[in-house]
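Inspection log for the structure reproduced underneath, given as structure tokens.
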Amino acid sequence: MSNERLSQIREAERASHLEIYSTAELYEKGSWLQKPIKTVLDLLPVFANYQALRALDLGSGVGRNSIAVALEYRHIDCKVECVDILEYSIERLRQNAVKYEVEKEIEGIVSPIENYVIAENTYDLVMAVSALEHIDSENAFKEKLKEICQGIRAGGVVCLVINSGVTEKDKETGEKLSPQFEVNLPTQELQTILQETFIGWKILKSTIRHQQYDIPRGERTVDLETDVVTFVAQKL
Ligand SMILES: C[S@@+](CC[C@H](N)C(=O)[O-])C[C@H]1O[C@@H](n2cnc3c(N)ncnc32)[C@H](O)[C@@H]1O
4 MSNERLSQIR
14 EAERASHLEI
24 YSTAELYEKG
34 SWLQKPIKTV
44 LDLLPVFANY
54 QALRALDLGS
64 GVGRNSIAVA
74 LEYRHIDCKV
84 ECVDILEYSI
94 ERLRQNAVKY
104 EVEKEIEGIV
114 SPIENYVIAE
124 NTYDLVMAVS
134 ALEHIDSENA
144 FKEKLKEICQ
154 GIRAGGVVCL
164 VINSGVTEKD
174 KETGEKLSPQ
184 FEVNLPTQEL
194 QTILQETFIG
204 WKILKSTIRH
214 QQYDIPRGER
224 TVDLETDVVT
234 FVAQKL
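Going by the numbering used here, the first residue of the sequence shown is number 4, and it counts up by one from there.
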């Protein structure tokens, strides 16, 4: 992907996230920030007997999932590192951490995921929800998956939600458009990469959900179709 195209996608994403995060409060009814994703809530009991929990949320946004983890485990020694490219996301995340009284548990870091070095054998949980497809290249994406794999300690869990096979077209004219995702792998290829990277892990969830959205983009409405791949696995 050219630098020009990358900058154009990133600027569009930045604008749309600024819009979303400045108009909806975390856990506000009716917004997409209304609640943590069910997949994250469902895996929380895995850590029920832990005395200490180390988690990493890549592309955390304003803390929709990470604050839920911190709330569940603030009675033990719990730390959740939250990484986001957007300074405003991390600003809001920190405000939300204060609001929900988990400021000791939540750490906000402004960084692109691709530049954030994941320490080896450190985390019990690594989450990346609708985030890894925004890494700046396919190679960096594959390398980051390997890093996640090495960053999780025995018994730990990876929880990924990744859009793949995305198509976009102008809702009115049907004109095919270039999807605004840095990494847009064919769904089958993504599945193969995940299976190969996390070989030997216990698969707790692996689903593909085809979704269609109408999204505003400048003057036009775009018809976006995507396969939402959810992958949760535990290191044995
Ligand atoms: C669709 S939102 C999801 C936020 C959060 N995971 C959630 O489920 O609420 C994607 C987030 O990833 C961030 N993001 C996009 N590209 C990124 C990158 N290369 N590195 C770090 N964060 C990125 C955006 O700023 C945004 O907050």
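Every residue, glycine too, gets a C-beta built ideally from N, C-alpha and C. Small disclaimer: the values here were computed from a predicted structure and weren't measured.
Residue i to residue j span [Cα, whole Å]
i, j, result
"residue 68", "residue 89", "17 Å"
"residue 54", "residue 105", "17 Å"
"residue 128", "residue 160", "5 Å"
"residue 100", "residue 94", "10 Å"
"residue 308", "residue 91", "The structure shown does not extend to residue 308, since the chain is modelled only from 4 through 239, so no value can be given for it."
"residue 144", "residue 117", "8 Å"
"residue 81", "residue 172", "44 Å"
"residue 259", "residue 196", "Lying outside 4 to 239, the shown extent of the chain, residue 259 is not represented and no answer is given."
Best match in the options for proximity to residue i [C-alpha to C-alpha]
i, options, result
"residue 184", "161, 137 and 218", "137"
"residue 119", "31, 108, 60 and 231", "60"
"residue 121", "150, 98, 113 and 107", "150"
"residue 38", "9, 72 and 234", "72"
"residue 218", "239, 174 and 10", "174"
"residue 223", "176, 98 and 23", "176"
"residue 147", "157, 130 and 4", "130"
"residue 205", "43, 13, 98 and 162", "162"
"residue 154", "114, 238 and 16", "238"
"residue 178", "9, 227, 140 and 196", "227"
"residue 157", "10, 196, 134 and 124", "124"
"residue 201", "36, 236, 225 and 220", "236"
"residue 152", "198, 110 and 75", "198"
Exposure of residue i, with buried meaning 16 or more beta-carbon neighbours within 10 Å
i, result
"residue 142", "exposed"
"residue 48", "exposed"
"residue 182", "buried"
"residue 33", "exposed"
"residue 26", "exposed"
"residue 216", "exposed"
Residue(s) in a DSSP beta bridge with residue i
i, result
"residue 211", "232"
"residue 241", "Past the edges of the chain, shown from 4 to 239, lies residue 241, and the structure says nothing about it."
"residue 85", "60 and 111"
"residue 149", "Looking at the DSSP assignment, residue 149 forms no beta bridge with any residue, so it has no partner."
Short Cβ contact (8 Å threshold) for residue i with residue j
i, j, result
"residue 96", "residue 132", "no"
"residue 209", "residue 187", "no"
"residue 62", "residue 87", "yes"
"residue 70", "residue 29", "yes"
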